[in-house]
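Structure record follows, encoded as structure tokens.
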Amino acid sequence: MSVRRPMGGETEFGLTSAGLTQSAHTYLSAILVSAYADAEEERAAAEGRPGFLPSGGWDYSTERPLRDARGFTVPRRQAHPSQLTDAPAVVDALSVAAAGTPRSLRSQRALAARGRDELVTNTVLTNGARFYVDHAHPEYSSPEVMTPREAAVWDLAGDVVAMRAAAAAEAAGAPRIDLFKNNTDSKSSSYGTHENYLVDRAVPFESLAEGIMAFFVTRQVLCGAGRVGVGVPGGPVEARPGFQISQRADFMEELVGLETTLRRPIVNARDEPHSDESRFRRLHVIVGDANLLPSSITVRFAATSLVLRLIEDGICPDVRLEDPVDAIRSLSHDIPLEAPSTAAALAGAFRSPLRLDTGGTTTALAVQRTYLDAARRAYSGADAETDEALTLWGRLLDGLETDPLSLAADVDWIAKFRLVDGLRRRDGLAWDDVKLQAVDLQYALLDARRGLGQRLRAAGSAASLVSVTDEEVLEAVHRAPASTRAAARGHAVSSFADSLVSASWDTLTFSFASASAPTRIVLPDPSIGGAALAPALGAADAESFAESLARAVAAHTTALSADHHERSAP
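In my numbering, each number is its position in the sequence shown, counted from 1, plus 3.
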């Protein structure tokens with residue numbers, strides 16, 4: 004078995020604009036999405052393509068945000084408003100006035116762009132991604148990909164989309180909007196960088212949660228983003244000066260749960276597969292940090308996919324922590340900040356014992372090596388992508404064991420700690436100094452000129468264990484991955500937007516003059532791609548595309564069903 008599986012990421016970007024409070028953030032987010040839509044409409048016109056936006060936008064009909072994998076559905080009247088992601092956000096003049104958005108911002112030309120009464124809050128992109136308003140943040144949901152390296156490429160493409168949206172908004176008359184790839188405002192708010200993995204439905208959810216819990220707790224040493232400050236004001240961990248490994252750890256409060264914005268769980272239980280629910284489930288991961296460095300992004304997806312494979316194959320190590328919620332926080336705080344040097348502080352980090360439910364102890368590195376060793380035994384040699392994933396995971400763990408500072412081009416929290424601790428020691432600053440908080444924020448700034456993380460990524464690309472070129476990322480901004488159904492979605496948007504009524508992760512709906520009703524195509528398996536879609540992608544017109552795509556889906560489904568029966572036969 005392989006590391007390959009349908010996977011993808013979601014990034015909620017932090018944002019600020021001079022003189023504007025958080026009450027304006029939903030409106031600012033809508034300005035960004037709307038401005039990007041306008042820019043893409045103009046690009047389509049310049050290239051002679053039929054528009055950009057589907058007339059009906061996003062298809063919410065298959066969204067099930069209140070269904071829990073533990074076997075129940077939360078009644079809508081009991082749900083927190085932030086859980087109701089199956090309805091579109093509406094941002095018009097009335098709603099922004101009611102939200103207290105400053106009149107000076109409401110009058111910006113962006114609201115009246117292209118004569119709309121409402122700002123665009125949802126777009127489907129030519130690369131198969133979704134760019135939309137999620138509460139008070141612009142969110143980029145990447146297209147489905149099949150490998151961890153692809154996940155990194157299309158994740159980084161989302162950063163470019165967000166920055167181009169900000170540039171388009173400013174060109175349209177909006178104030179300058181600064182965007183940050185982080186997970187907290189360092190006060191009391193946290194916003195997510197989520198991951199999605201297609202998993203075999205035959206595996207009980209309880210087995211998934213138990214098998215992956217200790218891995219999620221300790222994964223932060225590989226791909227934490229780092230944070231100046233410890234705790235959450237008014238939260239479960241008392242706020243105090245310092246530095247920690249993960250931006251999300253202090254916001255985790257439960258082991259398993261449905262919520263994503265309150266009482267956040269280490270393992271999210273949302274049962275919303277966006278695929279054939281008789282065969283698949285989508286593991287929605289909310290425990291991770293937002294990464295800028297390609298190695299951190301890649302290992303986040305690679306190691307997680309391999310652990311899920313171990314669980315699916317029934318060979319996952321049985322590692323159970325006594326108190327995972329306490330462990331994820333204490334591990335994040337485990338850096339000896341009083342050490343005599345930055346290198347010494349890193350050398351002493353994440354070494355404290357974690358209590359097992361058996362009464363013994365372990366360490367974060369030992370837990371990670373237990374999972375890695377099991378994956379090596381089971382999957383070494385499966386294919387090139389799997390061997391690359393195992394090698395990356397192993398090299399990062401080796402570096403963390405012997406010389407963490409050597410990973411400053413690969414691991415975000417180490418890169419950030421080197422910056423802020425170096426400044427602190429040089430200038431004799433306390434950990435609560437605003438200069439350190441400013442560096443923390445500037446690390447996450449997406450602006451290529453002012454963002455410290457962006458500059459470090461560019462400067463350290465030659466030394467990084469994972470090489471992702473700017474050319475690859477820029478190409479991925481507009482091109483969908485060929486290996487999944489995202490190729491069909493992206494092609495429909497780029498070539499046939501004038502016939503496309505709506506789109507979602509697993510549906511495309513068209514309107515044709517020759518048909519009395521809309522033509523809706525369901526794509527139940529995200530892994531359909533490559534040669535299977537080639538005839539459809541070569542179709543001359545929208546109707547031929549839809550017909551060819553429907554045939555491809557039917558043939559793919561039949562072949563998978565036959566393969567399943569063959570493997571299930573005694």
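Quick reminder that beta carbons are idealized off the backbone N, C-alpha and C, glycines included.
Cβ-based burial, residue 299 [other Cβ within 10 Å; buried from 16]: Burial is judged here by how many other beta carbons sit within 10 angstroms of a residue's own beta carbon; residue 299 has at least 16 and is buried.
Which partner residues of residue 448 appear in the DSSP bridge assignment? DSSP output for residue 448 lists 183 as bridge partner(s).
Looking at the structure shown, is residue 538 part of a helix, part of a strand, or coil, going by DSSP? Correct three-state label for residue 538: helix.
Under a Cβ-count criterion, where at least 16 other Cβ atoms within 10 Å of its own Cβ denotes burial, should residue 145 be classed as buried or exposed? Buried, since its Cβ has 16 or more Cβ neighbours within 10 Å.
Runs of alpha helix (DSSP H) wholly within the segment 255 to 336 (minimum 4 residues, chain order): Here the runs fully enclosed are 297 to 315, 327 to 335.
Using a Cβ distance threshold of 8 Å, determine whether the segment 411 to 428 contacts the segment 254 to 261, with at least three qualifying pairs required. Cβ pair count under 8 Å is below three, so no.
Where does residue 115 fall in DSSP's three states? Low confidence applies here, because residue 115 scores a pLDDT of 44, under 50, leaving its location unreliable; read the following figure in that light. Residue 115: helix per DSSP, three-state reduction.
Backbone CA spacing between residue 319 and residue 541 [nearest angstrom]: CA-CA distance, residue 319 to residue 541, rounds to 43 Å.
Looking at the structure shown, is residue 110 part of a helix, part of a strand, or coil, going by DSSP? Its pLDDT being 44, under 50, residue 110 is placed unreliably in this model, and the value from its coordinates should be taken loosely. Coil at residue 110, not helix or strand.
Once the 5 residues before and after residue 170 are set aside, which same chain residues still bring their CB inside 8 Å of it? No residues qualify anywhere along the chain.
Take the Cβ of residue 275 as the centre, count every other Cβ of all protein chains shown within 10 Å, and call the residue buried at 16 or more, exposed below. The residue in question, residue 275, is buried, as its Cβ has 16 or more Cβ neighbours within 10 Å.
8 Å Cβ shell around residue 313 - same chain, five flanking residues per side excluded: Shown here for residue 313: same chain residues with a beta carbon closer than 8 Å to its own, the five before and five after excluded, namely 214, 319, 320, 374, 377, 378, 381 in chain order.
Could you check the C-alpha separation between residue 505 and residue 72 for me, to the nearest Å? Looking at the two C-alpha atoms, the distance is approximately 28 Å.
Taking the alpha-carbon of residue 35 as reference, which of 18, 168, 26 has the nearest alpha-carbon? Closest by alpha carbon: 168.
Assess, as a yes-or-no matter, whether the segment 39 to 50 is touched by the segment 182 to 196 under the definition of 3 or more beta carbon pairs within less than 8 Å. The segment 182 to 196, when compared against the segment 39 to 50, does not touch it at the 8 Å Cβ threshold.
Could you tell me the alpha carbon to alpha carbon distance between residue 497 and residue 55, rounded to whole angstroms? Their Cα atoms are separated by approximately 7 Å.
Does the segment 408 to 420 come into contact with the segment 442 to 456, if we say contact requires no fewer than three beta-carbon pairs (one atom in each stretch) closer than 8 Å? They touch, by the three-pair rule.
Would you please state the rounded distance, in angstroms, between the beta carbons of residue 286 and residue 211? I believe it to be under 8 Å. Sure, about 6 Å apart at Cβ, within 8 Å.
To which residues of the same chain is residue 76 closer than 7 Å at the C-beta, ignoring the five residues directly before and after it? Only 69, 70 meet the Cβ criterion.
Taking its Cβ as the centre, do 16 or more other Cβ atoms sit within 10 Å of residue 83, making it buried, or is it exposed? By the Cβ neighbour-count rule, residue 83 is exposed, with fewer than 16 other Cβ atoms within 10 Å of its own.
Closest residue to residue 266 among 193, 297, 223, 243 (Cα-Cα distance): If we check each option's Cα against that of residue 266, 193 comes out closest.
Comparing alpha-carbon positions, which option in 476, 279, 491 lies nearest residue 155? Closest in C-alpha terms to residue 155, from the list 476, 279, 491, comes 476.
Which class does residue 557 belong to by DSSP, given the choice of helix, strand or coil? DSSP places residue 557 in helix when its eight states are reduced to three.
Cβ-Cβ distance between residue 142 and residue 14 below 8 Å: Taking 8 Å as the cut-off, the beta carbon of residue 142 is found closer than this to the beta carbon of residue 14.
Out of curiosity, what's the CA-to-CA distance linking residue 535 and residue 550? Going by the C-alpha atoms only, they are around 14 Å apart.
For residue 250, count neighbouring Cβ atoms within 10 angstroms of its own Cβ and tell me buried if that reaches 16, exposed if not. It is buried - the Cβ of residue 250 has at least 16 other Cβ atoms within 10 Å.
May I ask you to report which of helix, strand or coil DSSP gives residue 204? DSSP places residue 204 in the coil class of the three-state scheme, outside both helix and strand.
Could you please give the first and the last residue of the uninterrupted alpha helix (DSSP H) stretch that includes residue 420? For residue 420, the enclosing alpha helix (DSSP H) begins and ends at 415 to 430.
DSSP-derived helix/strand/coil call for residue 405: It is helical.
If we count the other Cβ atoms within 10 Å of its Cβ and call it buried at 16 or more, is residue 114 buried or exposed? Confidence in residue 114 is poor, its pLDDT being 48 and thus under 50, which makes the residue's placement too unreliable to answer from.
Can you list, in chain order, the residues of its chain whose CB lies under 6 Å from that of residue 411, leaving out five sequence neighbours each side? Answer for residue 411: 417, 418, 421, listed in chain order.
The alpha helix (DSSP H) enclosing residue 46, as first and last residue numbers: For residue 46, the enclosing alpha helix (DSSP H) begins and ends at 28 to 49.
Pull up the distance between the alpha-carbon of residue 123 and that of residue 357, whole angstroms please. The C-alpha of residue 357 is placed about 48 Å away from the C-alpha of residue 123.
By DSSP, does residue 507 sit in helix, in strand, or in coil? In this structure, residue 507 counts as coil in the three-state DSSP scheme.
Mind the definition here: the segment 229 to 239 touches the segment 342 to 353 only if three or more C-beta pairs lie below 8 Å; say whether that holds. Touching, no.
Leaving out the 5 sequence neighbours to the left and right, which residues in its chain are closer than 6 Å to residue 493 when beta-carbon positions are compared? Closer than 6 Å at the Cβ level, and outside the excluded window around residue 493, lie 129, 130, 131, 483.
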